[in-house]
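Structure record follows, encoded as structure tokens.
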Amino acid sequence: MFCVGESLTTPAPPRPVWIAERWATDEAETDARESAREASESAVAIETRDLNVHYGDVHAIKGIDLKFYRSEITALIGPSGCGKSTYLRSLNRMNDTIPSARTTGQILLGGVDLNRPDIDVWALRKRVGMVWQRPNPFNKSIYENVAFAPRFHGVKKKPELDEIVERSLRAAALWDEVKDRLHESAFALSGGQQQRLCIARALAIEPEILLLDEPASALDPISTAKIEELLFELKKRYTVIIVTHNMQQAARISDRTAFFLNGELIEYADTKTIFTRPERKETEDYVSGRFG
Amino acid sequence: MNAKIIDRVMTVVFYAIALLLIVILFGLIGYILARGVPKLSLTFLTGPPRSLEAGSGIGTPLFNSLYMLFLTMVFTVPIGVGGGIYLAEYARPGRLTDAIRAAIEVLSSLPSIVVGLFGFLVFVYYTGWGYTLMGGALALMLFNLPLMVRTSEEAIRAVPHEQKEASLALGISHWRTITDVLFPSALPGIVTGAILTAGRAFGEAAALIFTSGMSSPPLDFHDWNPLSSASPLNPFRPGETLAVNIWKVNSEGLIPDAKEVAAGASAVLVLSVLLFNVLARFASRYVYRKMTASKS
Numbered sequence: 012m013f014c015v016g017e018s019l020t021t022p023a024p025p026r027p028v029w030i031a032e033r034w035a036t037d038e039a040e041t042d043a044r045e046s047a048r049e050a051s052e053s054a055v056a057i058e059t060r061d062l063n064v065h066y067g068d069v070h071a072i073k074g075i076d077l078k079f080y081r082s083e084i085t086a087l088i089g090p091s092g093c094g095k096s097t098y099l100r101s102l103n104r105m106n107d108t109i110p111s112a113r114t115t116g117q118i119l120l121g122g123v124d125l126n127r128p129d130i131d132v133w134a135l136r137k138r139v140g141m142v143w144q145r146p147n148p149f150n151k152s153i154y155e156n157v158a159f160a161p162r163f164h165g166v167k168k169k170p171e172l173d174e175i176v177e178r179s180l181r182a183a184a185l186w187d188e189v190k191d192r193l194h195e196s197a198f199a200l201s202g203g204q205q206q207r208l209c210i211a212r213a214l215a216i217e218p219e220i221l222l223l224d225e226p227a228s229a230l231d232p233i234s235t236a237k238i239e240e241l242l243f244e245l246k247k248r249y250t251v252i253i254v255t256h257n258m259q260q261a262a263r264i265s266d267r268t269a270f271f272l273n274g275e276l277i278e279y280a281d282t283k284t285i286f287t288r289p290e291r292k293e294t295e296d297y298v299s300g301r302f303g
Numbered sequence: 026m027n028a029k030i031i032d033r034v035m036t037v038v039f040y041a042i043a044l045l046l047i048v049i050l051f052g053l054i055g056y057i058l059a060r061g062v063p064k065l066s067l068t069f070l071t072g073p074p075r076s077l078e079a080g081s082g083i084g085t086p087l088f089n090s091l092y093m094l095f096l097t098m099v100f101t102v103p104i105g106v107g108g109g110i111y112l113a114e115y116a117r118p119g120r121l122t123d124a125i126r127a128a129i130e131v132l133s134s135l136p137s138i139v140v141g142l143f144g145f146l147v148f149v150y151y152t153g154w155g156y157t158l159m160g161g162a163l164a165l166m167l168f169n170l171p172l173m174v175r176t177s178e179e180a181i182r183a184v185p186h187e188q189k190e191a192s193l194a195l196g197i198s199h200w201r202t203i204t205d206v207l208f209p210s211a212l213p214g215i216v217t218g219a220i221l222t223a224g225r226a227f228g229e230a231a232a233l234i235f236t237s238g239m240s241s242p243p244l245d246f247h248d249w250n251p252l253s254s255a256s257p258l259n260p261f262r263p264g265e266t267l268a269v270n271i272w273k274v275n276s277e278g279l280i281p282d283a284k285e286v287a288a289g290a291s292a293v294l295v296l297s298v299l300l301f302n303v304l305a306r307f308a309s310r311y312v313y314r315k316m317t318a319s320k321s
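As you go down the protein sequences, you meet chains R and B in turn. The number in our numbering is simply the position in the first sequence, starting from 1, with 11 added. The number in our numbering is simply the position in the second sequence, starting from 1, with 25 added.
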């Protein structure tokens, strides 16, 4: 494309084959997605209004308005450094731990603004769980990794903790692999198992929202497939927000996709729209692999 | 071709340096033990020192050393680890933190004789205690704190940041994150710092000559009431440690077998430090396994 006029007359560029294949095969699912598009206001789990994050003088997140819906997976995509991880971290106020970060605007969870200084951050983080790119289990036994947070939040009785540990590990599809060695070190697990343990750990305190920051990018394809399968299960009960670099992954698992660029939200729609007929040219270029 | 030769030469050089270090270490320890071990006996290890005739024991100095070590660790480890936690977790970059770091640097580079004289002024003279084990323990704390603070800080900083984030993201408080997530992982590093500190405390003489004195009062080893003046456990009595005893016997001892006594005491000193090292590592590994469920 050499000038604007020419780009307007050029027919839509061919998309990568995988996009065509993704939506050519399962029409039924596509229909389900179309209806999800009309999600009602009451289904909003968490939303941000005019959210800005500054790191010192750097304006990393620029006035983001976004609504995330219950029982859906929302993918945040965009090139490296576009602010999608920063945005994700602001949702449970993890940016508070960075001294130079300053967050303004509203984060509404159940109608309550989480970004007010008087909000109890510990109670909030109990409601919004998080999983990182690299598996980061604690240097403790498998059991203790899961039981640590519930115990801190007031579950003292052993039978109750046992039950929470089993339920969380089952929910993370890890129970059968570790049930005979719950008291061994979590570091003895494989990378994929460690990541599912981290998911179990986040589920143990029964959050409403689950934030995942590229949870599969450090894993092998088989572990990745397991995590994705797991996310499908989890979205029945949780609101899942996932940052991913992998566009095939976003297309495979998410109901909605938000495209970030340079700290701004460029486009937000159901995933099929984003990948097959995006409104903005930047989105088009990104999903068809022309940059990023 | 040239690079290959240099590479080979440097490999040999580094192996040679490693070998040199091992030879020095074993030569030194071997020499001390070879001279001192023949002297060791139960009466030597438990008997009291004498000032004029032959047949001195090192019972009292040995006990004083161990008790002094205990006293100084009681002060050094909690304050040192606390300082390390502050610098690693709470200190914000700025002038105050810079000043604290500079103070720690200076403190750690003070010659021990200067610390001894300072201790003499403060713990002996101003407090009116006279020469006491307590004064010695506090003087030792002064120049061991920097090492303890720095090793603790490094051990805590070495725990991956993701672990801390994971804990905070679960709604765990900062304090419990420190005690339950950071501290267990940092424990081996902290123990290494404590062992280094203990070694220095055990071997120190200069700072103690002026603070805990060069002699002990007659001690009654059946009286374990820390408040009674003849009790070995009374921290407010003078007491020469093993290292001070070696120095004293060698430099101004009047006993005819001074050389043998000094050699025997040196061997005991070296063996005690090694034993303490092994015991501390063993205990730390036990606690570390308990806290982390790991196998190493």
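Just so you know, even glycine gets a beta-carbon here, dropped at the ideal spot from N, CA and C. Note that the structure is a prediction, hence the values are computed from the model and not measured.
Identify the contact partners of residue 179 (chain B) in chain R, using a Cβ-Cβ distance below 8 Å as the criterion.
Simply none; closest approach about 17 Å.
Name, please, each residue of chain R whose Cβ falls closer than 8 Å to the Cβ of residue 117 (chain B).
110
Residue 166 (chain B) versus residue 101 (chain B) - alpha carbon distance
5 Å
Extract the residue ranges of the alpha helix (DSSP H) inside the region 53 to 140 of chain R, only unbroken runs of 4 or more that lie entirely within it.
95 to 102 and 132 to 138
Please list, in chain order, the chain B residues whose beta carbon lies closer than 7 Å to that of residue 195 (chain R).
Chain B residues near residue 195 (chain R): 318.
Would you say residue 197 (chain B) reaches chain R, if we count a Cβ-Cβ gap shorter than 9 Å as a contact?
Yes - at least one Cβ of chain R is within 9 Å of the one on residue 197 (chain B).
Beta-carbon within less than 8 Å of residue 30 (chain R)'s beta-carbon, same chain only, minus the 5 sequence neighbours each way: which residues are those?
262, 286, 287, 298 and 299
I'd like to know if residue 143 (chain R) contacts chain B, where contact means its C-beta is closer than 9 Å to some C-beta of that chain.
yes
Nearest neighbour of residue 189 (chain R), chosen from R:167, R:159 and R:154 [CA to CA]
The shortest C-alpha separation from residue 189 (chain R) is found at R:154.
Where the region 94 to 112 of chain B meets chain R: residues whose CB sits under 9 Å from a CB there:
Within the region 94 to 112 of chain B, no residue has a Cβ that lies closer than 9 Å to any Cβ of chain R.
Please report whether the beta-carbon of residue 140 (chain R) lies at a distance below 9 Å from any beta-carbon of chain B.
Yes, contact with chain B.
Residue 185 (chain B) touches chain R at which residues, Cβ-Cβ below 8 Å?
Listed along chain R are 147, each with a C-beta nearer than 8 Å to that of residue 185 (chain B).
Roughly how far, in whole angstroms, is the beta-carbon of residue 137 (chain B) from the beta-carbon of residue 198 (chain R), given that I think they are within contact range, below 8 Å?
No, residue 137 (chain B) and residue 198 (chain R) are not in contact; Cβ-Cβ is about 41 Å, not under 8 Å.
Assign residue 205 (chain B) to buried or exposed, taking buried as 16 or more other Cβ atoms, counted over all protein chains shown, within 10 Å of its Cβ.
Per the 10 Å Cβ criterion, buried.
Between the region 176 to 193 of chain B and the region 235 to 253 of chain B, can you find at least three pairs of beta-carbon atoms closer than 8 Å?
As far as the Cβ criterion goes, the region 235 to 253 of chain B does not touch the region 176 to 193 of chain B, which means the pair count is below three.
Classify residue 201 (chain R) as helix, strand or coil using the three-state DSSP reduction.
coil
Nearest-angstrom Cα distance between residue 34 (chain R) and residue 28 (chain R)?
11 Å
Starting from the C-beta of residue 276 (chain R), find all residues in its chain whose C-beta is less than 8 Å away, skip the five residues before and the five after it, and write them out in chain order.
Shown here for residue 276 (chain R): same chain residues with a beta carbon closer than 8 Å to its own, the five before and five after excluded, namely 75, 76, 77, 269 and 270 in chain order.
If we count the other Cβ atoms within 10 Å of its Cβ and call it buried at 16 or more, is residue 307 (chain B) buried or exposed?
exposed
What does residue 164 (chain R) reach in chain B if we use C-beta pairs closer than 8 Å?
196
Near-chain R residues of the region 209 to 234 of chain B (beta-carbon distance less than 8 Å), N- to C-terminal order:
Listed by position along the chain: 209 and 210.
Contact list for the region 114 to 146 of chain B against chain R, Cβ threshold 9 Å:
117 and 118
Please state whether DSSP places residue 279 (chain R) in a helix, a strand or coil.
strand
I need the DSSP call for residue 19 (chain R), collapsed to helix, strand or coil.
Low per-residue confidence applies at residue 19 (chain R): pLDDT is 49, beneath 50, and the placement is therefore not dependable enough to give any value.
Can you pull the chain B neighbours of residue 160 (chain R), defined as C-beta to C-beta under 9 Å?
192, 195, 196 and 197
Quick check for students: name the residue ranges of the alpha helix (DSSP H) that lie wholly in the region 94 to 143 of chain B, counting only runs of 4 or more.
The qualifying runs are 120 to 134.
Buried or exposed for residue 290 (chain R), please, with buried defined as at least 16 other CB atoms from any protein chain shown within 10 angstroms of its CB.
exposed
Are three or more beta carbon pairs between the region 228 to 236 of chain B and the region 149 to 160 of chain B nearer than 8 Å?
Result yes; three or more Cβ-Cβ pairs closer than 8 Å.
Which residue marks the beginning of the beta strand (DSSP E) containing residue 269 (chain R), and which one marks its end?
267 to 272
CB residue 253 (chain R) to CB residue 87 (chain R), shorter than 9 Å?
yes
To the nearest angstrom, how far is it from the Cα of residue 28 (chain B) to the Cα of residue 34 (chain B)?
10 Å
Okay, do the region 278 to 287 of chain B and the region 66 to 81 of chain B touch, 3+ Cβ pairs below 8 Å being the bar?
yes
Assuming residue 150 (chain R) and residue 86 (chain B) form a contact by the criterion Cβ under 8 Å, report the distance between their Cβ atoms to the nearest whole angstrom.
With 8 Å as the limit, residue 150 (chain R) and residue 86 (chain B) do not qualify as a contact, their Cβ atoms being about 42 Å apart.
DSSP beta-bridge partners of residue 250 (chain R)
R:220
Cα-Cα, which of R:272, R:281 and R:265 is closest to residue 296 (chain R)?
R:272
Chain R contact residues for residue 312 (chain B), given Cβ-Cβ distances below 9 Å
Under the 9 Å cutoff, chain R gives no residues; its nearest Cβ is about 13 Å from residue 312 (chain B).
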